[in-house]
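Counted from 1, the sequence shown has number 13 at position 14 by numbering that gives the first Met the number 0; the numbering is strictly sequential. Here a beta-carbon is modelled for each residue, glycine too, at the ideal position from N, C-alpha and C. Since the structure is predicted, the reported quantities are computational estimates derived from the model, not experimental observations.
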Amino acid sequence: MTRSRTTLNTTALTAALSIFMSGMPAWGQSSVAAPTREEIQRGAVDEALKGQAQPLGLDGAVERSACPLAGPEFADVRFTLKAVDFTGLISVDPVSLSESYAGYIGQDVPVSVVCDIRDRAATILRSNGYLAAVQVPPQTIDDGSVRFDVLMARMTAVQVRGNAGPSEALLQKYIEKLAAQPVFNIDTADRYLLLARDIPGLDVRLSLRPVSAESGGQPGEVVGEFNVIRTPVYADINIQNFGSKAVGRFGGLARVRFNGLTGLGDETVISGYSTADFKEQQVLQLGHEFTVGGEGLKFGGNFTYAWTKPELAGGLDVESQTLVASAYASFPFVRKQSRNIFGTIGLDYIDQRTDLLGVRTNEDRLSVAFARLDFNQIDPDSISGHGGYSAYEPRWGIGGSLEIRQGLDILGASEGCGPAFVNCIGQTVLPTRADGDPTAFVIRGQAKIDFRPTPLLALTLKPRLQYSPDALFSYEEISGGNYTTGRGYDPGTIIGDSGYGLQTEVSYGSLIPETPESIALQPYMFFDLMSVWNRNVPGGPQKLYSAGGGLRMTIGQQASLDLTGVVPLKRAPFATRRQDARALLTLTVQLAPWKRR
């Protein structure tokens with residue numbers, strides 16, 4: 000809980016005014032501020048950046064035959080093309096295929112041009128998401144008119160292999176969306192196949208199989224085979240040493256996710272975090288999310304409760320409790336293999352309390368409405384493995400989120416001290432910040448940008464920013480340190496109303512093991528910078544810089560390990576010297592299922 004700006008922890012308003020108007024800490028680096036948002040919401044760190052575009056398990060296509068007219072025996076055959084006719088088109092305007100032949104109309108062309116038109120038309124159909132073959136039927140071209148037959152895939156039957164469990168009804172809704180298409184279109188199928196894979200605990204893959212003539216099938220008719228693998232429970236643990244000395248360097252997080260308990264495409268998450276010294280910090284979290292309808296609309300709620308009792312210089316007895324309750328709704332506006340846009344609206348309720356020497360001195364209560372846009376996009380060619388890239392390690396990719404937050408005067412939110420701090424005169428329990436506004440406006444964003452000039456070399460940028468025209472209470476502020484930007488510094492070393500940060504990184508190697516039992520290694524180097532500033536506090540922005548390197552490992556299907564050595568390059572605000580170099584580690588182990596199928 001090292002902080003660069005103190006919170007209000009005296010009962011005398013005059014002392015509070017002197018602290019906040021001067022912008023100086025009351026107890027130097029070991030302040031008694033409530034923990035930052037990132038120290039509490041550990042399971043949500045970088046969660047927006049992890050939403051990566053993904054490949055679909057879609058196999059099967061309509062075969063295309065060779066074109067005899069391109070043979071050498073027809074090299075001297077020419078004709079004047081006057082018209083082109085496509086038969087068999089379903090849900091496709093013939094005008095959309097005019098680009099395949101418009102340049103040849105009225106021209107004296109070799110008969111092999113018929114093959115070119117066929118292939119161009121097929122390319123146009125494929126680019127529009129259709130599984131289709133364009134064929135040249137036997138015909139006589141006397142009047143310059145050429146006829147093409149288009150064979151378009153139509154899903155006339157479906158088969159589901161595997162057990163979807165309680166989520167079977169929701170899966171069936173997505174399957175019905177696919178089966179209702181007059182012809183199979185990959186662009187439309189993208190959305191519903193990915194929504195099916197979004198059902199917690201289900202891995203859904205689709206194969207298309209032609210209906211045989213013996214079974215009475217017609218050309219273009221296919222059966223959609225949905226292969227489903229269900230995992231009802233996920234469990235993992237995480238150990239890291241990102242914490243401050245006051246709260247405890249080492250901590251562990253245990254998390255269990257229960258999938259499909261109610262049959263509503265739901266997920267229930269229970270997690271607990273504790274420092275190695277159990278009395279210093281514990282965090283309990285409970286979350287539940289479920290799906291409504293057949294378009295991916297989700298509703299959810301989260302509850303977090305944290306106890307923190309840091310070891311401060313001089314044995315100062317400080318305790319804090321943080322309660323965070325959230326309710327939200329989210330919707331996938333765009334859901335594709337290479338591009339996704341999600342929208343979320345919701346309400347956060349925050350209650351942070353601080354006790355000094357066993358006496359309640361501070362309390363912040365906030366009710367904050369928020370709207371967030373999450374997005375990601377990757378190089379489409381990487382999905383098909385072009386150039387040695389993949390959907391998980393594409394040539395380029397970008398993901399991020401943009402969020403606006405507005406404090407509301409509801410649900411017992413703190414009043415704030417008001418103009419000239421008049422509301423706090425005579426009070427014994429005060430806000431953590433005398434000039435803080437519980438109805439403040441905040442805009443924040445973060446992103447991750449990857450570029451790989453070669454499949455193994457990656458350049459990564461991770462910018463983050465926050466702006467508020469108002470003075471904020473502690474929980475809403477932006478901070479720098481190990482949990483955000485500024486690796487090598489204690490969490491919350493700098494904290495402010497507004498700020499920006501940037502992580503830059505160069506890495507080499509793939510994190511995808513060659514076999515399920517092998518280990519993948521990825522060394523990397525990085526540079527971090529972070530800058531924050533506070534409204535109503537004189538002086539320039541407070542900044543941090545750090546640099547280092549490390550090694551990431553994926554250990555089979557069970558674990559990942561990140562080892563980092565980092566050197567702080569700038570003395571922290573109010574510190575007497577620059578912090579020493581530090582070794583950081585993060586170990587995550589999947590306990591259930593032990594092996595992915």
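The residue among V133, R534, E72 and D118 with its C-alpha nearest the C-alpha of I89 is V133. Rounded to the nearest whole angstrom, the CA to CA distance from G102 to L207 is 35 Å.
Here DSSP, grouped into helix, strand and coil, assigns K594 to coil. Beta-bridge pairing by DSSP links V333 to I340.
The count of Cβ pairs closer than 8 Å, one atom from the stretch 442-460 and one from the stretch 333-344, stays below three, leaving the stretches out of contact. If you ignore the 5 residues before and after P331, its C-beta comes within less than 6 Å of the C-beta of G295 and F341, all in its own chain and listed in chain order. For M151 against A131, the beta-carbon gap comes to about 5 Å, under 8 Å, which counts as contact.
Looking at T303, I382 and L315, the one whose alpha-carbon comes closest to that of D347 is T303. The Cβ atoms of Q320 and W306 sit closer than 9 Å to each other. Distance from the Cα of N533 is smallest, within the candidate group D496, R352 and E392, for D496. No Cβ-Cβ contact shorter than 9 Å links V565 with L550. The Cβ atoms of S381 and A368 lie no closer than 9 Å to each other. DSSP, read as helix, strand or coil, puts A328 in strand.
As DSSP reads the structure, G547 sits in a beta bridge with F525 and V565. As the crow flies, the alpha-carbon of G262 is around 10 Å from that of I198. Cβ contact annotation for G164 (same chain, cutoff 6 Å, sequence separation greater than five): R229 and G259, in chain order. If you look at A188, you'll find it in the alpha helix (DSSP H) that goes I185 to D197. For E167, the uninterrupted alpha helix (DSSP H) run begins and ends at E167 to A178, by DSSP.
Beta-bridge partners of K447 (DSSP): G398. Counting only runs of 4 or more residues that sit fully inside the stretch 294-322, no alpha helix (DSSP H) segment turns up.
Checking the DSSP bridge columns, you'll see F374 partnered with I340 and G399. Annotation: T484 is outside any beta strand (DSSP E) and is labelled neither H nor E by DSSP. When DSSP states are grouped into helix, strand and coil, P490 belongs to the coil group. For the set T267, V246 and G250, the Cα lying nearest the Cα of R256 is the one of T267.
In this structure, the alpha-carbon of D115 lies about 26 Å from that of G384. Inclusion of T575 and V505 in the CB contact set at 9 Å is not warranted, their separation being larger than that value. Taking all protein chains in view, the Cβ of L193 is crowded by 16 or more other Cβ atoms within 10 Å, so the residue is classified as buried. Within the same chain, and ignoring the five residues on either side of P468 in sequence, the residues whose Cβ sits closer than 7 Å to its Cβ are F440. In this structure, L169 places its C-beta atom within 9 Å of the C-beta atom of G293. Between the alpha carbons of D579 and Y482 lies a distance of about 18 Å.
In the three-state DSSP reduction, R248 falls in the coil class, being neither helix nor strand.
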